[in-house]
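Protein sequences, first through last, are from chains A and B.
First residue of the first sequence? That's 1 in full-length UniProt numbering, and the numbers climb one at a time after it.
First residue of the second sequence? That's 1 in full-length UniProt numbering, and the numbers climb one at a time after it.
Think of the CB as a built atom: it goes at the ideal place given N, C-alpha and C, for glycine as much as any other residue.
Worksheet for the structure shown next.
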Amino acid sequence: MAPSAPSINSTMSSRMATARPSSYRHKSEKRGMTYNIMLVGQAGLGRRTFLNTLCERAVIASPDAPNPETANVADPMKFDTYEVAMEEEGTRISLTVIDTPGFGDGLDNTSCFKQLQDYIEAQFDEVLVEESRVKRNRRYRDHRIHVLVYFIAPTGHSLRELDIELIRRLGEYVNIIPVIGRADSFTVEELDAFRANVMRDIVYYKLPVYNFCWDETDSEALVENREIMDHIPFSVVTCDEVFDNEYGSVRIRRYPWGTIEIDDEAQCDFALLRYILLNSHIADLINYTEDMLYENYRTKKLEVGGYGENDEEEDDDEEDQALGAAKKQE
Amino acid sequence: MSAPANDSQDYVGFDTITQQMERKFLKRGFNFNVILVGESGMGKSTLVNSIFSSHLVDSQGRRTAQEVIRKTTEISPVTQTLEENGVRVRLTIIDTPGFGDQCNNEGCWVPVIKYIKDQHAAYLERELKPQRDRVINDTRVHACLYFLNPGSRGLRPLDVEVLKRLTEVTNVIPVIAKSDSMTVEERTAFKRRIKEELVFHRIAVYPYPSEEDCDEDRALNSSIRDLVPFAVVGSEEIIDVNGTPVRGRRHGWGVINIFDETHSDFVHLRNFMLRTHLSDLIEVTSQRHYEQFRTSQLRQIKELRAQQAAAAASGGIMGSMPQQVPPQVPAVHQPMA
């Protein structure tokens, strides 16, 4: 792993990507931007194929047909990490994708939220520790999750309890972008209606999904971002088949009644989402994670009495109180 | 009643019993009760409305933000009388909104199993009455459409738990309702996997093999079993395809005709449920599921009486008569979780 700059400098550097001195840019382009995406959603919504289609290669191979014995055994949720070196429009991205198979697939799924929260917090904690080291690790790699892509089932109704709980619980720790998996089961009208229902729920339950318009200083981007927000949740259709025609290769999904082109923006939002995730908004997502989400977490943690400057004093106080309490009990 | 054909003096004429039965049947009509089990948004209402070609049930899914999210499985039966060529059917569709929709779905099947058993219990109670009705109103569930999730690679843990219990009390027909998001290869692989898992878990779905079947029936049943689970697409909309009205769905990349056999198994499912196996579904409910229930209930009552008799005999010094316990079917009936 290439050495990375300490966290404060990397925030500034990603913001001023175009204004960096040439020698510095050369270094960071060589090692690639550190970018971590988490995929969450029940089985059957296309997480695996989404990753493969996003990275344009088979990152996760299709698993072998497992034994029938394992059907009713709910696997506990796992965190599978995949590292992919990407290059998008000249920028190198050192992408890590964390897949979470098992989420929402068991009979009782209430423990999934805590597991996810613990995982995300653990990455924050690592940075917290790293920041306060006297001698910093030059090879340190940032594992904070910059965006969580959450797959909603295409029910046609509104959000389910699982969806609402997930966004509600994790929205303060990670940027959540909701997408509709298997969106090809909807007609255009159904998709619009479903989107409207989901948006109403998001407003009604005050669900903290990622607000593309968080940076109000850039008015041009604001217009573009408002348009992007109309697509939430993004409709995703993913493919495993590439078809070569006279114009080149086309990624498709073939049905007896027609063929859908994944990259056609009129048919689904995949191309738009990909561009957002890997090009236009990568800096925004990283910045928001580092400047807002992580900082909020850090502040809360330090107030409670973690690694703050008043650490020693607070510890002494706690010790005194504990001794006092023990004495009283005797 | 039409006079029997009197061709020869040897002609007896008992072959007209089929016409006699048909007349009685036409007068009386019959009951058909179907329960729909599956998470919300799987296409249950649309499918059932498509099968019967009329808007029988409304989707119970939550569509507004203000509606409260259901915390348990509700049982919501809707009865309508349909008529076709003089034949009347009292059709009851039982929807189960809330099933499988929570974060914690432990026990979400209990209200469903209880409902099915309660219908058996109600029928038994009426059967055991000293003064029985001439025709008992049959509310027993004749068929259960179980909705699988398209896209999952096979049965989910919830499916296994529920199917095991459902197949013990009613005829279960597994379907994949919104199968228009699966390619043909995915569909084939999914069906194969489901069949393997059903065999492995010893889950017996309808139709059941029977020694009574003649070759023709066996062939038909085996071709039906090949199709299970039925990958169907439902639609209540008629769309215009180059001037022809088609019941189907219009996507940006093509039009699905639900009656097209290459598009979905809808025709096979409908024919199977209504045109070939309708009376079998009703009969098997009575002869297999109801009989099992009845046997176990009566056995329990018998044991209960024996216990009470033994208790009275050992406890009563005066040798008083043991209390006659009337068949309290609802009391003995324990809904098995």
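What does residue i touch in chain B if you count any residue whose Cβ is under 7 Å from its own?
i      : result
Y255/A : T183, G254
N197/A : R63
Quick one: is residue i buried, meaning 16 or more other Cβ sit within 10 Å of its Cβ, or exposed?
i             : result
E165/A        : buried
N85/B         : exposed
I180/A        : buried
G38/B         : buried
C214/B        : exposed
I17/B         : exposed
D269/A        : buried
residue 340/B : One cannot answer for residue 340/B here, as it falls past the ends of chain B, which runs 1 to 337.
G43/B         : buried
I238/B        : exposed
F211/A        : It is worth fixing the name first, because residue 211/A is Asn in this sequence and not Phe. So N211/A counts as exposed.
G248/A        : exposed
Q292/B        : exposed
T81/B         : exposed
F79/A         : exposed
E87/A         : exposed
D15/B         : exposed
Q123/A        : buried
P209/B        : exposed
D95/B         : buried
P174/B        : buried
Who are the neighbours of residue i on chain A, taking C-beta pairs under 7 Å?
i      : result
S50/B  : What S50/B touches in chain A: nothing, since even the nearest Cβ is about 15 Å away.
D58/B  : The contacting residues do not exist; D58/B stays about 12 Å from chain A at best.
S152/B : A43, G44
I69/B  : E161
R156/B : D105
Quick one: what does DSSP say residue i is sitting in, helix, strand or coil?
i             : result
Q42/A         : coil
Y11/B         : coil
E83/A         : strand
S111/A        : helix
Y35/A         : strand
Q267/A        : coil
L82/B         : strand
H251/B        : strand
A177/B        : coil
T91/A         : strand
residue 342/B : There is simply no residue 342/B to check, as chain B begins at 1 and stops at 337 in what is shown.
G315/B        : helix
R132/B        : coil
E261/A        : strand
E186/B        : helix
S76/B         : strand
Whose Cβ in chain B lies nearer than 8 Å to the Cβ of residue i?
i      : result
I260/A : H251, G252, W253
Y204/A : A65, Q66
D201/A : A65
H157/A : S40, G41, S59, G61, R62, R63
Considering only residues of the same chain and omitting the five flanking positions on each side of residue i, which have a CB-CB separation below 6 Å?
i      : result
D218/A : none
D7/B   : none
Q19/B  : none
A193/A : none
I176/B : L148, P150, P229, A231
G32/A  : R92, I93, S94
H201/B : V160
P130/B : none
P101/A : K78
Can you list, in chain order, the residues of its chain with a C-beta nearer than 7 Å to that of residue i? Leave out the 5 residues immediately preceding and following it.
i      : result
Q9/B   : none
R182/A : L45, G46, P154
A271/A : D263, E265
L198/B : V205
Should residue i be counted as a contact of the ligand ATP given a C-beta to heavy atom distance under 7 Å?
i      : result
A310/B : Annotation note on the ligand ATP: not contained in the displayed structure, which lists no ligands.
Just to make sure I have the definition right: I need the residues of chain B whose C-beta is within less than 9 Å of the C-beta of residue i. Which are they?
i      : result
E265/A : By Cβ distance, chain B contributes nothing, its closest Cβ being about 11 Å from E265/A, past 9 Å.
For residue i, return the contacting residues in chain A, with the cut-off set at a CB-CB distance below 8 Å.
i      : result
E212/B : Simply none; closest approach about 30 Å.
K178/B : P154, S185
Please work out which residues of its chain come closer than 8 Å, Cβ to Cβ, to residue i, disregarding the five sequence neighbours upstream and downstream, and give them in chain order.
i     : result
T49/A : T238, C239, D240
Chain-ordered residues of the segment 102–119 of chain A with a beta carbon less than 7 Å from chain B: D105, G106, L107, D108, N109, T110
Can you pull out the residues from the segment 72–86 of chain B whose beta carbon lies closer than 8 Å to at least one beta carbon of chain A? none
Given a limit of 9 Å on CB to CB distance, which residues of the segment 133–152 of chain A reach chain B? none
Mind checking the segment 166–189 of chain A against chain B and listing, in chain order, the residues whose C-beta falls within less than 7 Å of any C-beta there? R182, D184, S185, T187, V188
Where the segment 94–109 of chain B meets chain A: residues whose CB sits under 7 Å from a CB there: D101, Q102, C103, N104, N105, E106
For the segment 259–276 of chain B, which residues have a beta carbon sitting closer than 7 Å to at least one beta carbon of chain A? T262, H263
Short-range partners of chain A found in the segment 124–151 of chain B, where Cβ spacing is below 8 Å: N149, P150, G151
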